[in-house]
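Asker: Residue numbers (my numbering): 14 to 266. Sharing a structure below in structure tokens format, with a few things to ask.
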Amino acid sequence: MTKGYFADYVTIENNRETLENKREILNILLSDVVFLWGKHLQFKLDTSTIKREIKRDGGYGMQLLKDRIRKDGKVKEGNVLKVDSFLNHQMDTSLFREMGKEFKKRFEGEEINKILTIEASGIGIACLVAEEFHVPVVFAKKTQTKNIAGDVYKAQVESYTHGRVYDIIVSKEFIGKGDKVLLIDDFLANGKALEGLAEIVAASGAELVGAGIAIEKGFQVGGEIIRSKGIHLESLAIIESMDEKTGEIVFRE
Ligand code: 5GP
14 MTKGYFADYV TIENNRETLE NKREILNILL SDVVFLWGKH LQFKLDTSTI KREIKRDGGY
74 GMQLLKDRIR KDGKVKEGNV LKVDSFLNHQ MDTSLFREMG KEFKKRFEGE EINKILTIEA
134 SGIGIACLVA EEFHVPVVFA KKTQTKNIAG DVYKAQVESY THGRVYDIIV SKEFIGKGDK
194 VLLIDDFLAN GKALEGLAEI VAASGAELVG AGIAIEKGFQ VGGEIIRSKG IHLESLAIIE
254 SMDEKTGEIV FRE
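This is how it looks when you write it as structure tokens:
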């Protein structure tokens, strides 16, 4: 197109056309630029609408998972949600596959070459997320050994469900500079597990791309802490409140 205008311009120049003609050509060129810019803007608007639609799909969360939590989740004392029948003990791998696809959508366009999770409950979900991204999974091992030998990155994590502090370790062989890491875990409560994993990523020199959580308990501080650190956090279901007496669970919409 530019070539065409240039040729026209040259022709006019050669024909010693009036200044008026040149102005007209400039105007046409300008209107095309405006038109193209408009198209570009339209495209940008379209993609952001699509992104918003993806987010809105099932409110803030993933409908399939929210339905399953409502059906099979059990609210226990101490703000603990038991999802042993499909996530923490018996595992519904078809549901995990759908969760993997959802994470793939939410981290669309991000360069990820490794999934990092924490044993044990994160591993199942992380494997199906890794399937979608076609990358390996590394899981941080929990250990109580005082003197950890060998080349490992280490962080301390305070367990929400057990109330004690333990070390997590990842071998230096499996994470390092140049890696682009997505963290995956089953629950987010006070954010200690994610903070520990993020610490290991930082110590290794790898890049932290973001964190994907199956169930975030939105009434606890973890989500806020992680987001305030500028970490791209995606939770498939965010629980606004839950009542151990009635068993009622309210999701963030
Ligand atoms: P955080 O480190 O964010 O305080 O807690 C997250 C970790 O604690 C997760 O790895 C998960 O294993 C466990 N967790 C926290 N809250 C719950 C819960 O309500 N139910 C279950 N099953 N695990 C939880």
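Glycine is no exception: its CB is placed at the ideal position from the N, C-alpha and C atoms. Here the structure is a predicted model, which means the values were calculated and not measured.
Taking the alpha-carbon of A250 as reference, which of D85, R265, R240 has the nearest alpha-carbon?
Answerer: R265
Asker: To which residues does DSSP link S254 through a beta bridge?
Answerer: V263
Asker: Could you tell me the boundaries of the beta strand (DSSP E) in which V178 lies?
Answerer: Start and end: 178-184.
Asker: Using DSSP with H/G/I as helix, E/B as strand and the rest coil, what is E229?
Answerer: Strand, per DSSP.
Asker: Closer than 7 Å to a non-hydrogen atom of the ligand 5GP - does that hold for the CB of V96?
Answerer: yes
Asker: I want to check one thing, is the minimum distance from the CB of F200 to the heavy atoms of the ligand 5GP below 7 Å?
Answerer: yes
Asker: In three-state terms, what does DSSP make of K117?
Answerer: helix
Asker: Relative to the C-alpha of K87, which residue among R81, D80, K95 is closest?
Answerer: K95
Asker: Please state if the CB of E90 and the CB of E253 are separated by a distance shorter than 8 Å.
Answerer: The Cβ atoms of E253 and E90 lie no closer than 8 Å to each other.
Asker: Is S241 close to the ligand 5GP? I mean its beta-carbon at under 7 Å from any heavy atom of the ligand.
Answerer: no
Asker: Would you call the segment 241-250 in contact with the segment 165-179, where contact means no fewer than 3 C-beta pairs closer than 8 Å?
Answerer: no
Asker: In this structure, does DSSP put S217 in helix, strand or coil?
Answerer: helix
Asker: Could you name the residues of the same chain whose beta carbon sits closer than 8 Å to that of G260, not counting the 5 residues immediately before and after it, in chain order?
Answerer: K87, V88
Asker: Please tell me whether, using a cut-off of 7 Å, the distance from the CB of A206 to the nearest non-hydrogen atom of the ligand 5GP is below it.
Answerer: Within the cutoff, so yes.
Asker: So which of E111, K230, D97, M255 has the shortest CA-CA distance to S248?
Answerer: Closest option to S248, Cα to Cα, is K230.
Asker: Within 8 Å, do at least three Cβ pairs link the segment 129-149 to the segment 191-207?
Answerer: yes
Asker: Please name the residue in L129, V222, V142 whose C-alpha comes closest to that of K154.
Answerer: L129
Asker: Looking only at its own chain, which residues have a Cβ that is under 6 Å from the Cβ of E4, when we skip the five neighbours before and after it?
Answerer: Here the chain covers residues 14 to 266 and nothing more, so residue 4 does not appear.
Asker: Just checking G231 against the ligand 5GP - is the residue's beta carbon closer than 7 Å to any of the ligand's heavy atoms?
Answerer: no
Asker: So what's V142 in DSSP terms, helix, strand or just coil?
Answerer: DSSP places V142 in the helix class (H, G or I) of the three-state scheme.
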